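Scroll down for the structure; my scribbles are underneath it.
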Amino acid sequence: MTALQPLVFDDTVFTVVDRDGQPWLRGPEIATALGYERADAIARIHKRNADEFTQEMTDTVNLTVSGNLQSSTRIFSLRGAYLLGMFASTPPAKRFRRWVLDVLEGKAQPTRAAQAAPQQGDLFGASAQQQLFDEVALLRQLCATQARLVQLQEEQLRGRKRAKPQPLTVDEIKLARSLKAQGVSQAGIARHMGRSQATISLILRDLH
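At position 132 of the sequence shown (counting the first as 1) the number is 132 in the UniProt record's numbering, and the numbers step up by one without a gap.
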């Protein structure tokens, strides 16, 4: 596990961890970027919402912090960092989410010390970069679908009270895509996922 070119958000310089060609960020540094005073703020957010994070989004590893001294540190993939930004209620959270998407799309600027190094989009191999592009597209679709779902729910609530539905997850969108690709009808997908057909229609509307 090695370090990639540093990334910077406001005054926070991330020591990026290279994990199988993918950039992962350290929890304490994410806490600083989001404006938390305590370094363990991210660990507490993760603990409260552990069921939302997959193994591909976070892990605990031993990292060298000083000389030969190693410390157990929770790290997050860019997708995991974006989810942390969704849970955070601090002022920088919204800008942090946009910044993560810029990193995924290769638009973020490197630190001053790394200006002579390859551009951000060259940090990762072609296949890894394509995977990152797919991830950001999925995240953008999730945000757009959530917004449309909220609008639909508000329209329904004008006429009658309904139980508050659980928010959509990235895994649900992936599952809906997979079932659709296998030829399962929207009604069948809705039954399998325990969602309304209107919700499934919103998820699949942008798929081509």
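Glycine is no exception: its CB is placed at the ideal position from the N, C-alpha and C atoms. Computed from a predicted model, the values in this text were never measured in an experiment.
I'd like to know whether the C-beta atoms of residue i and residue j end up nearer to each other than 9 angstroms.
i           : j           : result
residue 28  : residue 7   : no
residue 64  : residue 55  : no
residue 145 : residue 203 : yes
residue 58  : residue 74  : yes
residue 172 : residue 195 : yes
residue 45  : residue 84  : yes
residue 25  : residue 17  : yes
residue 198 : residue 168 : no
residue 11  : residue 95  : no
residue 38  : residue 77  : no
Check residue i in the structure and name its three-state DSSP category.
i           : result
residue 28  : helix
residue 69  : strand
residue 15  : coil
residue 22  : strand
residue 145 : helix
residue 188 : helix
residue 195 : coil
residue 179 : helix
residue 200 : helix
residue 157 : helix
residue 168 : coil
Of the residues the options, which one's Cα is nearest the Cα of residue i?
i           : options            : result
residue 97  : 43, 150, 33, 38    : 33
residue 175 : 149, 155, 148, 138 : 138
residue 72  : 43, 61, 95         : 61
residue 41  : 179, 181, 88, 103  : 88
residue 82  : 178, 170, 200      : 170
residue 148 : 183, 181, 201      : 201
residue 49  : 86, 178, 36, 99    : 86
residue 93  : 31, 154, 76        : 31
residue 80  : 106, 68, 43        : 43
What residues are listed by DSSP as bridge partners for residue i?
i         : result
residue 8 : 13
- Query: Which ranges does the alpha helix (DSSP H) cover as unbroken runs of at least 4 residues, wholly within the region 33-113, from first to last along the chain?
  - Reply: Complete alpha helix (DSSP H) runs here, min 4: 41-48, 78-87, 93-104.
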